[in-house]
Every structure is written in structure tokens, then in C-alpha cells.
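Report on the structure given below.
Number of protein chains: 2
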Amino acid sequence: MNTKDLAYFDRLIKLKNFSQVAAEFGVTQPTITTAIKRLETEFGTKLFLRDRVHRDLAVTASGQQLAIHATAILKRLDLAHQEITRLTQQRTVLGLPPIIENHYFPRVAAHLQERGMLENIETLEGGSVWLRNALRDGQVDLALLGSTEPLSYKSIVAEEFDRKPFNIFVSRQHPLAARKRIYFSELRRERFVLFNNSFIHDAAFNQLARRNHFRPDVVFRARDTHIIMNLVAENVGVTYLTGLVDQQRRDVVRLELLDDEQPEFISSIAYRASHVLTPAQKQVLAVLRGTLAE
Amino acid sequence: MNTKDLAYFDRLIKLKNFSQVAAEFGVTQPTITTAIKRLETEFGTKLFLRDRVHRDLAVTASGQQLAIHATAILKRLDLAHQEITRLTQQRTVLGLPPIIENHYFPRVAAHLQERGMLENIETLEGGSVWLRNALRDGQVDLALLGSTEPLSYKSIVAEEFDRKPFNIFVSRQHPLAARKRIYFSELRRERFVLFNNSFIHDAAFNQLARRNHFRPDVVFRARDTHIIMNLVAENVGVTYLTGLVDQQRRDVVRLELLDDEQPEFISSIAYRASHVLTPAQKQVLAVLRGTLAE
DNA sequence: GCCTATTATAAATTATTTTTATAATGACTG
DNA sequence: CAGTCATTATAAAAATAATTTATAATAGGC
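Encoded structure:
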């Protein structure tokens, strides 16, 4: 069976129009007709009901079933291509969430530099939630990820190397700035400036808010620590961030949380279980372990 | 790309011999040579090192990487075939572990019978661990599974409908037969007759044994309750089984366990997340839910 | 040096996919 | 309600791709 047929089929499921699919793939329309016929013969069943009365193409149960598998197969094929391309080019794509990048990467980079390995590394930035998908989908080979629970996904191997509590950051002009420690419930009336939901901060924050039975007033969401910190400094709101965030600023104050069983920011090294690491990637992994897991 | 090439490749990875692969597929040897060449062109890399010096075929890193994905793709394609075949034949394969079959299935079967649905159901028996794989691999559409933890697998949807403790069964001639309740640690010196490890009883039992710091003396493993019970009656050993096991025998005594936080036998209805249920299968599922989850 | 087992290569053959051209179906439109 | 449009199906021809046949090349064993 040709995977091209699955690609035609996959697209047809979405577009519901033979001619449009043909146009997208730059082939003629009968090509799509015959491709679908081939699949119908191969699987011994109708995949679509050509219902010209209601002017649309209905997908049969078998069609729906095949669609699920076709998508998965095409995705995996694409993953294989991406991985093998990087494998042969000796390149490593390292996924880094900004906070981890700021806090841990300088040390790692120094060690990689010493070994002349920094040139072959390309970093990709994004929130931990987004990076986990990028890792799964093959855009990334290795990643440092943050999480609130130990990462356990069948397709991803994760090695925890650190965990740190979350803190509250407020402007120096804020009434709470004089405090050192605080309970989350005392923030009931505050305005918050937070990361957007591709960061695990969001999950941790929601968990605490839910547990304290209030719906926090989130006035802004950003994807950058500095933006958040600037807003906090201006007293637009307070924020909830890992202690990892380097705090050299005089206009922002860090408060510890006193709550029991708070979520923690767990840092892990992660890679795909199905990925065969190149010697170069193994070396990068070894440096990561050596530097981070001391 | 043709999946046939992946099949040739997958086999070649295992056999490491072009001619043998050709023979297995009933094609000539150059077919395999060209198929591999096609893949090497498609992925832009060597997949094998034809090392005639050491008389064997070495797989490159890219080859290993592709092998992982090729196997997964072929498996999924096979799964699609199996599922669609049953879909069109309106048949449902229901997986049942023997204990669950004995205890719950008669009631379910009665309801299915009333609705004339029993004819289209084929049951497949096996331990819960084995059935979980059969379900994942498409041999089974729906299953009732036992587990000690709530089932949580990405590819399987599970709905818990009952949980029962495990018990100890001893012969009526056994010194412990006079007891009603017992601690697991008191069984340190006993001989055990158990299920084999395709049953979750094994996992639960090992957990208890580990927690009580002893290595139990297992004298026999079977895959059938009656065999186990007969051996227990003859005082060959004692056994550890769910309370679900119907106990109409006069020659065997059931003892409750007094341990804190014992494993429980959790019964769940399970099916593949990627599986599109036919109307018939949905009906079966509805009957299972109606009967079991009362 | 000859035989064997194995993989590679080239040309011929066979199979498959795609295109071209055209038909068929039903909705919409003036 | 005939004409037009958008859509999918069909058949034959053309283009591509896969497989076989026949043979070469390579290295190990005797």
C-alpha cells in the first residue's frame, strides 16, 4: 500500500472534496478517485458515502477508523524523516523553556563550549507544555522541561534533576513588600500577571487557586519573564513564578509561600523513548546530566 | 512511499539477510536490494553497512531509527485492517479474564441474549495483562479487565465498575481453616499455588510479599481457577485470589486479609481510544455499563 | 584456483499510477 | 425548464514504478 494514498485520504477526510484535494497535491482529480478506490478495495469496505443529495461527503464508520490510523501513520513517517535528517546532519535541537534557559543553560553552555559542542546545537524556546509536544512530534531531540508532577509519558523518557518551590513576586511599592512569607489565600483580592497556558506555571497556579476556592483576577498573560517582571515592578499586578527566576531587581520583592503541599517546579531532562540518540546527542545528554544532576 | 518497502526493511532488520527476506516474501532477491535502495534514497541516508568483511549486515543509526518507526507503522496498519474487518462484519470480540467471566458474564450474557445480541459476540479468554495487550493490538474490541491500580493508558479507555479485596483460600484440613481473618505476614511459611504472571493477581501478590519482606514459596502456577482450587483443596498449598471467585466448595475455606492498604481487584470495562465503535459495539458497551455499573 | 553464498547491476517485463478526455449527476439560475 | 456550474466517475492512453531474469562482483572456505 502506498502512503501517498493515505495522505490523499487524510486530506479528503478534512476537505470533503476530491477536486480540492487533487489541487492541493498538484495532481488531477481522477487520481484522488482511484486512490480512494484502491483503499476501499484494500480494506474491503466503503470509506465514504457519496451522497450527492445532501451535497456532502459522509465518512463511514470504517472511514473514521482508518482516518485515525492514517493520521497517526503519516505523523510517524514525518517524525522518522525529521529524526533521520538531524541524525545524518549531526545536529541536535535542544528545547528550552525561558526560565530554565536563563537559570541552567549558561552553565551547560559553558561546558558544551569547552568540548566544542556548542556549534552543533540549535535551541528552540517555548513553554514546557508546548515543548513537550514539540519533543513528541520530532521538532526537538532533547529538552529541559518544567513540570509540577514527575513527567511520565510512555513516549518520553524524563530524568528529574531539580525541584524548586514557586514564589510570589510583588512590586516594592506593594503593601505586601514588607512580608517575607505569605499564604496563597491572602492573595484573594490581588490582580495577577501570569505566564500564558503553554507554561506549567499556569497549571500550578490554577491548582492552588482551586484549592483555595477563589477565582483569581488575572489582568495580563505574557510569555516572557521580563515583561511579567516589568509589569509587577509597575505594580500592575503580582505574579507567581519559580524561585529559579533570577532576582537581581531592586523594584521587585520575592515572597515565599507558606501553604502545605504546594506544587513544585520540577526540572527534567527529556527525550523521546523511540529516538535513537546519535553519538553527538549522547554527548550532549552526558553533559546535561553531568552539569545539572551533579 | 510503499509500505511493502517498510515490511521488507522490517524483516531485513531481523534476518540480516537479503536472500532470506526475499524468500519469506516470495519475491526475488534484487527486489529487496532495490527496495532498501529506495528507502535509502527517500531518507537520504545509508540504512545498512554492507560489511562483507565481517560477514554481517550492520544497521546504521538511521537504520535503527527507521526500524522503530517502521515496526510501529506496520503494526498500526495491521490494527486498522483487523478493526475494519470486524467493523464491516458487525462482530464484537469481547476479552474476558476467567474470574471476571465466571462472576460477571452470566448476568451480562442474559441481558445480551434478551436483545438478541449474543450471537454476534465472540469471547476471548486470557489474563488481564495479556488481554490488555490483545486489546491494544486489535485482537479484541472490548474487554473487562482486572487491575490493582485504576487503568490509565493513553491508548485505552477504562471505566471502573467494581473493586473487591483479595482473599486467602486454604484447604479445610489446613490449620488456618478455623480462622476468619489473617495477616499476610502470617503466611510466611506457607506454600502457594498461584495464577501465572499474565494475571494481575501476580502483581498484587508480589506487592504484598515485598511489603512484608519475604520471598514466598510458590510451588505451582496455573491459568485456571479450578485447577488452583483443586490443588488448594488437596492442601498442596494456599492461594491468593479475588473474593469474586465463587466459593461453593466445602473443601476450601476463604480468609479475609487484615493488612492495611491492601491491593484491590479493580474491574473495568475497557476499549481502545482510537477505536470507532460500531452501533453494535456501542450497544454491547451500553449493556455492559447497564449491567455492571448498575 | 575453484566452489559457494551473498549482494549488486542492467535490461526486459510486468504492474501500477496518473493523465487526458469525457460522461454522469444534481444543484442553481434566469 | 434548458443551460450552466461544480462535482465525481469511467475508460483508454501515457507515464512511472516495481519486479524478474540473467549475470557480475566480492569474499570466504576448501
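These protein sequence lines are chains A and B, in that order. Going by UniProt numbering, 194 is the number at position 194 of the first sequence; the sequence numbering is gapless. Going by UniProt numbering, 182 is the number at position 182 of the second sequence; the sequence numbering is gapless. Ideal Cβ placement from N, Cα and C applies to all residues, glycine included.
Residue i versus the options, residue with shortest Cα-Cα distance
| i | options | result |
| --- | --- | --- |
| Thr-278 of chain A | B:Gly-290, B:Ser-147, B:Gly-63 | B:Gly-63 |
| Lys-180 of chain B | B:Leu-257, B:Leu-87, B:Val-276, B:Gln-281 | B:Leu-257 |
| Leu-255 of chain A | A:Ala-177, A:Phe-161, A:Glu-114 | A:Ala-177 |
| Phe-18 of chain A | A:Asp-5, A:Glu-159, A:Ile-32 | A:Ile-32 |
| Ala-293 of chain B | B:Asn-212, B:Val-252, B:Arg-163, B:Ala-70 | B:Arg-163 |
| Glu-261 of chain A | A:Glu-125, A:Asn-212, A:Leu-77 | A:Asn-212 |
| Val-245 of chain A | A:His-201, A:Leu-47, A:Leu-124 | A:His-201 |
| Glu-45 of chain A | A:Thr-88, A:Leu-66, A:Val-93, A:Phe-25 | Reading the sequence as shown, one finds Thr at residue 45 of chain A and not Glu. Nearest option by C-alpha distance: A:Leu-66. |
| Ser-171 of chain B | B:Leu-231, B:Trp-130, B:Val-129 | B:Leu-231 |
| Trp-130 of chain B | B:Ile-269, B:Gly-95, B:Val-21 | B:Gly-95 |
| Arg-191 of chain B | B:Leu-151, B:Leu-208, B:Asn-235 | B:Asn-235 |
| Leu-15 of chain B | B:Ala-204, B:Thr-41, B:Tyr-271, B:Asp-56 | B:Asp-56 |
| Thr-242 of chain A | A:Ser-274, A:Gln-173, A:Gly-290, A:Ile-266 | A:Ile-266 |
| Thr-239 of chain A | A:Val-252, A:Leu-194, A:Ile-227 | A:Leu-194 |
| Glu-42 of chain B | A:Ala-35, A:Thr-85, A:Arg-289, A:Leu-39 | A:Thr-85 |
| Pro-30 of chain B | B:Ile-13, B:Leu-47, B:Leu-49, B:Tyr-8 | B:Tyr-8 |
| Gln-173 of chain A | A:Leu-47, A:Val-27, A:Thr-28, A:Val-252 | A:Val-252 |
| Val-93 of chain B | B:His-111, B:Pro-216, B:Thr-34, B:Val-284 | B:Val-284 |
| Asn-120 of chain B | B:Ala-143, B:Gln-90, B:Lys-37, B:Gly-126 | B:Gln-90 |
| His-81 of chain A | A:His-275, A:Lys-282, A:Leu-288, A:Gly-290 | A:His-275 |
| Gln-281 of chain B | B:Ser-152, B:Pro-216, B:Glu-83, B:Ala-209 | B:Glu-83 |
| Lys-37 of chain A | A:Ala-22, A:Val-21, A:Asp-5 | A:Asp-5 |
| Leu-286 of chain B | B:Leu-112, B:Ile-99, B:Glu-40 | What sits at residue 286 of chain B in the sequence shown is Ala, not Leu. Ranking the options by Cα distance to Ala-286 of chain B, first place goes to B:Leu-112. |
| Phe-166 of chain B | B:Glu-114, B:Ile-99, B:Leu-124, B:Ile-227 | B:Ile-99 |
Contact list for residue i against chain A, beta-carbon separation under 8 Å
| i | result |
| --- | --- |
| Phe-48 of chain B | The contacting residues do not exist; Phe-48 of chain B stays about 14 Å from chain A at best. |
| Gly-44 of chain B | Ile-84, Thr-85, Thr-88 |
| Arg-132 of chain B | Under the 8 Å cutoff, chain A gives no residues; its nearest Cβ is about 13 Å from Arg-132 of chain B. |
Contact with chain A by residue i, beta-carbon distance below 8 Å
| i | result |
| --- | --- |
| Ile-73 of chain B | yes |
| Leu-19 of chain B | It should be noted that the sequence gives Ser, not Leu, for residue 19 of chain B. It does not; no Cβ of chain A falls within 8 Å. |
| Ser-147 of chain B | no |
| Arg-38 of chain B | no |
| Leu-12 of chain B | no |
| Ser-171 of chain B | no |
| Ala-61 of chain B | yes |
Neighbour flag for residue i against chain B, beta carbons, 8 Å
| i | result |
| --- | --- |
| Glu-261 of chain A | no |
| Ile-121 of chain A | no |
8 Å Cβ cut-off: residues of chain B touching residue i
| i | result |
| --- | --- |
| Val-238 of chain A | Within 8 Å Cβ-Cβ: nothing; Val-238 of chain A doesn't reach chain B, min ~36 Å. |
| Asn-2 of chain A | Met-1, Asn-2, Thr-3 |
Under 9 Å from the C-beta of residue i: neighbouring residues of chain B
| i | result |
| --- | --- |
| Gln-65 of chain A | Ala-80, Glu-83, Ile-84, Leu-87, Ser-274, His-275, Val-276 |
| Arg-76 of chain A | His-69, Ala-72, Ile-73, Arg-76 |
Partner residues on chain A for residue i, Cβ-Cβ distance less than 7 Å
| i | result |
| --- | --- |
| Lys-154 of chain B | Lys-154 |
Identified DSSP bridge partners for residue i
| i | result |
| --- | --- |
| Tyr-286 of chain A | According to the sequence provided, residue 286 of chain A is Ala. The question's Tyr does not apply to it. Paired residues: none, contrary to the question. |
| Arg-132 of chain B | Per DSSP, none; premise fails for Arg-132 of chain B. |
| Glu-256 of chain B | B:Asn-167, B:Arg-181 |
| Phe-48 of chain B | B:Val-59 |
| Ser-267 of chain A | A:Gly-146, A:Asp-162 |
| Leu-194 of chain B | B:Arg-221 |
| Ile-156 of chain B | B:Tyr-153, B:Arg-272 |
Cβ neighbours of residue i in the same chain (closer than 8 Å, five flanking residues each side left out)
| i | result |
| --- | --- |
| Tyr-183 of chain B | Leu-257, Leu-258, Asp-259 |
| Arg-249 of chain A | Met-229, Ala-233 |
| Asp-10 of chain A | Ala-67, Ala-70, Thr-71, Leu-74 |
| Ile-156 of chain A | Arg-132, Leu-135, Arg-136, Ala-270, Tyr-271, Arg-272, Ala-273 |
| Glu-24 of chain B | Arg-11, Leu-15 |
| Thr-3 of chain B | Ile-73, Leu-74, Leu-77 |
| residue 315 of chain B | Since the first residue of chain B shown is 1 and the last is 294, residue 315 of chain B is not available in this structure. |
| Glu-159 of chain B | Ser-268, Ile-269, Ala-270, Arg-289, Ala-293 |
Nonlocal neighbours in the same chain, by C-beta distance under 7 Å from residue i, ignoring five residues either side
| i | result |
| --- | --- |
| Glu-79 of chain A | Going by the sequence as given, residue 79 of chain A is Leu instead of Glu. Asp-137, Gly-138. |
| Arg-188 of chain A | Phe-214 |
| Ala-203 of chain B | Thr-148 |
| Met-1 of chain A | Glu-42 |
| Val-219 of chain A | Arg-191, Phe-192, Val-193, Val-236, Gly-237 |
| Ser-128 of chain B | Pro-97, Leu-145, Gly-146, Ser-147, Phe-199, Ile-200 |
| Lys-216 of chain A | One point to set straight first is that residue 216 of chain A is Pro, not Lys, in the sequence displayed. So the list reads Phe-192, Ala-209, once near-sequence residues are dropped. |
Residues near residue i in its chain [Cβ-Cβ closer than 6 Å; skip 5 each side]
| i | result |
| --- | --- |
| Pro-263 of chain A | Thr-148, Ala-204, Gln-207 |
| Glu-101 of chain B | none |
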